[in-house]
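> Provided herewith is a single structure, encoded as structure tokens, for subsequent inquiry.
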Amino acid sequence: MSIEVATPEAGRHVMVDLETLGTEPFTPILSIGACRFNMESEMLPFADPENDLFYQAVTLESCLEAGLRPSASTVLWWMQQGKDAQQVFSDPNAVALPQALDAFTDWLDSRPDEMWGNSARFDFGLLSSAYRACGKVVPWDFRRERCYHTMKALPTAGAVRIEREGVHHNALDDAVSQARHLRRIMLHLEKKTPEMAYTIYDREQIVREAFDAAKRYATLDEACPYPFASPAAAEFRAAFSAAQAGIEAQRLAQM
Ligand SMILES: [Mg+2]
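Heads up: the sequence shown runs through residues 0 to 254, numbered per numbering that gives the first Met the number 0.
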């Protein structure tokens, strides 16, 4: 089945996250979360949260009626998750799968340039199989699918971190968090300079990281392992030394 896809809006990105009862196509979808973002401007707060964010819980019964099948291992996995994440099972705003898909199709009408998910096979594979199970047209062009998992695995991207906000395994919180992280990874990969790292890592984060690094190296007779020669690195080194001195002072006070 194909769809006439309008010309994508350049630079418009959408991050999608699903919570599901399995990891294969034709698995029940518990919720769909998504956010629009771009790589240039700050993501949060969203300029227009009403329109830039999408969240819809789905009734399990309607997924079973559409012929989707849960996997036992994922059901058992959900039983071990936190209560906040498990609220998706009793969300009073949950709707039947066909309505949820229609709502997502309407929302997606922004013609995103790039659609991000956790591997094209997972989020987009499961979501498109749900569209097919309901006899509906998949509302995006498969050539627009992009993989956040791959971006995280690229060389040096592992060093790019963000402070996690929201509930883990809430589809919207996951989507927003992944979009924020992806944007930082993109900036990092494009510039690859400590100066850029300084602009995307705020001062507090530099101090926090320095403190963590100092704690790790406090018991080792080693120099600061970050020999950059940039203003950002100088700031990091100063914060590192201050943190190290503080830890040493604490140690002496406890003797
Ligand atoms: Mg998730």
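From the three backbone atoms N, C-alpha and C, an ideal C-beta is built for every residue, glycine too.
Keep in mind that this is a model prediction, so the values were computed, not measured.
To the nearest angstrom, how far is the alpha carbon of His180 from that of Gly157?
11 angstroms
> Could you work out which residue in Phe123, Ala99 and Ser72 is closest to Gly21 when comparing CA atoms only?
Taking only the C-alpha atoms, the option nearest Gly21 is Ser72.
> In three-state terms, what does DSSP make of Thr26?
coil
> Given a threshold of 16 other Cβ atoms within 10 Å of its Cβ, counted over all protein chains shown, does Gln111 qualify as buried or as exposed?
The sequence given here has Pro at residue 111, not Gln. Buried: at least 16 other Cβ atoms inside 10 Å.
> What's the call for Asn169, buried or exposed, on a 16-neighbour Cβ count within 10 Å?
Label assigned to Asn169: buried.
> Could you tell me which uninterrupted beta strand (DSSP E) segments, each at least 3 residues in length, are contained entirely in the stretch 97-169, listed from first to last along the chain?
111-116 and 144-146
> Is there contact here, the stretch 82-99 with the stretch 53-62, by at least three beta-carbon pairs under 8 angstroms?
yes
> Using 8 angstroms for Cβ pairs, my map puts Leu125 next to Thr26. What's the rounded Cβ distance?
At roughly 6 angstroms, the Cβ-Cβ gap stays under 8 angstroms, so Leu125 and Thr26 are in contact.
> Return the first residue and the last residue of the beta strand (DSSP E) that Leu52 is part of.
Leu52 to Ala56
> Kindly list the residues whose CB is nearer than 6 angstroms to the CB of Met114, restricted to its own chain and excluding five residues on each side of it in sequence; keep chain order.
Excluding sequence neighbours, Met114 sits near Val13, Trp139, Arg143 and Glu144.
> So, helix, strand or coil for Asp47, using DSSP?
coil
> Would you say His180 touches ligand 1, meaning its beta carbon is less than 8 angstroms from a heavy atom?
no
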